[in-house]
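So our numbering is basically just the index in the sequence shown, starting at one, shifted up by 40.
A quick write-up on the structure given underneath.
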Amino acid sequence: MTTPKYNKGLSAPALCAIALLLTIGLVIIERNEREVINDGTLIQIDVDDGSSESVDSGSDDDEFDIPAPSPEDQADQDDITEDVVKETVLALSDMDFSKKVLWRIHRIDPLKGFSEGDKNKILFKAALQFFSNGDYEKTHTLIGKLPRSMRHQERPGFYYALALTKDNKTERAIRAYQGQLERFPHHQASAINYGLLLNDAKEYEKAVKAFKYAINTTSGRRKAKSYRNLGEAYYKLGKYEEAAKRFSKSIEYQPTNSTTWLSLAEAQQEIPKFSQEEVLETYRKSVSLAPNRYKPALKRANYLFSQLMFAKAEEGYKEARKRSSDIVETALMQSINYLAAGNLERADKIASGIKQPDNDEEQLIELIKALSDEEYDKAEDIAKDIEKEKKFDNEELYQYLRLKLAVIQKDKKYLDGLDKDIFEHPVVGWPSQLEYARGLLLTEAYQEAQAVAETIAEKLPNSAEAHLINGQLQLHNGEQVAGFNSLKHAFNIYPESRRVAFIYAKESFKFERYQEAINIINKLLENHSKDIEALELKAQAHHAIGQNDLARAAYTEAFELDEKNLHSAFALAKLESDLGNKQESLVILKDLLDRDSSYIDARELRAKIHCAAREYDECINESKKLLALDKDNEVAKKLIEKHADKVDSKASDKNSPQNNSEADTEEEQPDSQSSDKESDDKPDSEDDDQKQKKSDGDKKDD
């Protein structure tokens, strides 16, 4: 009997080899599918711009959209407990599953006993937990392991694309959203996120098409968001009218969304047909709709700053800081606005109080403080350090501050080589042109400066600063009527501004319009009652028209405000001397020299008064003290040369050692005990005094 031969089949090693090859093949196929889930093109649908029946007035921002859980997901909770999902997440957290195939992942302990379908559902829920924890790489890696039939379902496909987006895998995310939208053409969140991703990738033309598609697939709040995002894409393309149209359409669907109103204001800002008032009204709407958000208030203040409306910008920055006082960006712009308005003390205080700036911001802050403290050499060193940086995040703000430093230093070379592209910047463009005009004025390029100033005043009719610089230049160029009209207009726009009022008054005084200067200073003092420089100018104006009692009162008030202000005391002594009140002048001078024995102008005046009164001993004694302070003092030399013989003659006639000015020496004894010198050389005559004051005022205002 023949024993039959049985076909034993393939050996165990052969079967294992075949299984391994099949597994490798599946892994390659799945990897390719994960890399290019779908590289198709977006379905094109005509956009309906009609009103939606569903209007949602809620507020949102431009974060990537996430849909609410579906009813099916809730139903799964009956079979799959949260504990199972947590245990699965814990097991996967300790495992590098990126290189493992799905069937090996299915073998982890928490999944034992479940069907293959339930295992995949549990893994998807675990992926969602990774997403909630911010571990986006694990999220898209795990979803990518799921079978194609599940991975291409609506929610897994969406979260796969979203996790890639959050993990900055932009190209893969774009392809994933394309595939998702081909499978689910009306998936609203995918349509919106796809467009946002293209916007972030700066593919604005493609983003326009994507958002047009999203508009047709969405409703209510999401339709409003799609219109807003379409507007943002147009804005990035420089198509501002198209952008404004879409922002307005978004507002029809969601009229209380602050973000959309803010975007509309920024678009209107770039469109000539919208007036300054219309743009400000749109900004105001955005600010009012978001009472707790700082960004709308900050951008409104930035717009006011850009329009050279520094006083209103000051109010805007205060409002923005109320909403979020610790935001560096807000405090930085607030200090720059104070600097632009000439309020150096406030600029320094705000800049010094800024906390936790980054490196670039810290350098800007130091530059602002140096400019505010009038430490211009230090400011120049900081500027050189900034220019060594390969990349500087606040380049435009730095360029504005650097230009301001060049204007202060009358740096003609810098002004000649200025890159005028800065004039086009939406925030510092007009402020930079204003500084440039001032620089041209200070470097005596009057005609060119006036051309720039006239352009500023024409384009920004509501800016006091624009009319102020224009008026100054018109006066320099001989247009007296037009110049004072411009100064008056600037003052009427912003009467609270110390700089506007003082420059207007100073120019009026210069052109011998003394009563007008007095009237302006009186208005100035209503808002700045302790302004010593204004009081001194007022005193000079009163003296010029013979109102000497009022001049005396103004000088006295200026000195009483600050007893270290010896300049006002000297001006008062000079006034008394000019009026023939020699004794009153000597009393004031003695008090002044008790405070500062090295005040040369005061000693010169006292020596002259003694000589004029034929008090030659006192005259020569004072002149010698002058030479001890300044060996080259011409006033002292001339007085000694002219009157020394009279002292000798007087001594010879009286033939008495008692007449060697002992009394005078005793009178002058307190001088040696006075405080250190506080001021520079003062002018000798009233005209020189006025020139000195003018120079000081110019430095402060410019």
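Built from N, CA and C at the ideal position, the CB exists for glycine as well.
Given the structure is predicted, the values throughout are model-derived calculations rather than measurements.
Annotation for Q309: no alpha helix (DSSP H) segment contains it, and DSSP assigns it neither H nor E. Pairwise C-beta distances place the segment 566-583 in contact with the segment 596-603, as three or more of them are shorter than 8 Å. Sequence-distant Cβ neighbours of E624 in its own chain, meaning closer than 6 Å and more than five residues away, are E616.
Judged by DSSP in its simplified three-state form, D602 adopts coil rather than helix or strand. Put simply, the backbone Cα of V327 is about 7 Å away from that of S298. Burial state of Q555 is exposed, judged by a 10 Å Cβ sphere holding fewer than 16 other Cβ atoms. Counting the other Cβ atoms within 10 Å of the Cβ of K178 gives 16 or more, which makes it buried.
Within the same chain, H650, H683, K686, V687 and K690 come within 8 Å of Y656 by CB-CB distance, once the 5 residues on both sides are set aside. In the three-state scheme derived from DSSP, where H, G and I count as helix and E and B as strand, Q490 is classed as helix.
Under the 10 Å beta carbon count, D636 is surrounded by 16 or more other beta carbons and is classified as buried. Around the Cβ of K152, a 10 Å sphere holds fewer than 16 other Cβ atoms; the residue is exposed. In this model, T205 and L237 are separated by some 7 Å (Cα to Cα). In the structure shown, the three-state DSSP call for D421 is helix. For V248, the three-state secondary structure derived from DSSP is helix. In the displayed model, G219 falls within a helix according to three-state DSSP. Per DSSP, Q587 lies in no alpha helix (DSSP H) segment and is marked neither H nor E.
Judged by DSSP secondary structure, S346 falls within the alpha helix (DSSP H) whose first and last residues are Y334 to S346.
DSSP places A166 in the uninterrupted alpha helix (DSSP H) bounded by E156 to S172. Straight across, the Cα-Cα distance linking F314 with A491 is about 25 Å.
The beta carbon of E536 is closer than 8 Å to those of A351 and N567 in its chain, skipping five residues each way along the sequence. In this structure, the alpha-carbon of I680 lies about 10 Å from that of A647. By the neighbour-count definition (other C-beta atoms within 10 Å, threshold 16), R144 is an exposed residue. In the three-state DSSP reduction, P331 falls in the coil class, being neither helix nor strand. Remark: C-beta atoms of A593 and L564 do not approach each other more closely than 9 Å.
One thing to note: R363 has its Cβ within 9 Å of the Cβ of R333.
Going by DSSP, F549 is part of the alpha helix (DSSP H) stretching over R538 to K550. Spanning the alpha carbons of A485 and E573 requires a straight line of approximately 28 Å.
Counting only the Cα atoms, I426 lies some 7 Å from Q403. For Y378, the CB contacts under 6 Å within the same chain, skipping 5 residues up- and downstream, are R386 and A387 in chain order.
Just so you know, the alpha carbons of K428 and K418 end up roughly 16 Å apart. In the assembly as shown, A247 is a buried residue. Its beta-carbon has 16 or more other beta-carbons within 10 Å.
Around the beta carbon of I183, 16 or more other beta carbons lie within 10 angstroms, which makes this residue buried.
In its chain, beyond the 5 residues on either side, I376, L404 and V468 have a beta carbon closer than 7 Å to the beta carbon of L437.
In this structure, E494 keeps its C-beta atom at 9 Å or more from the C-beta atom of L515.
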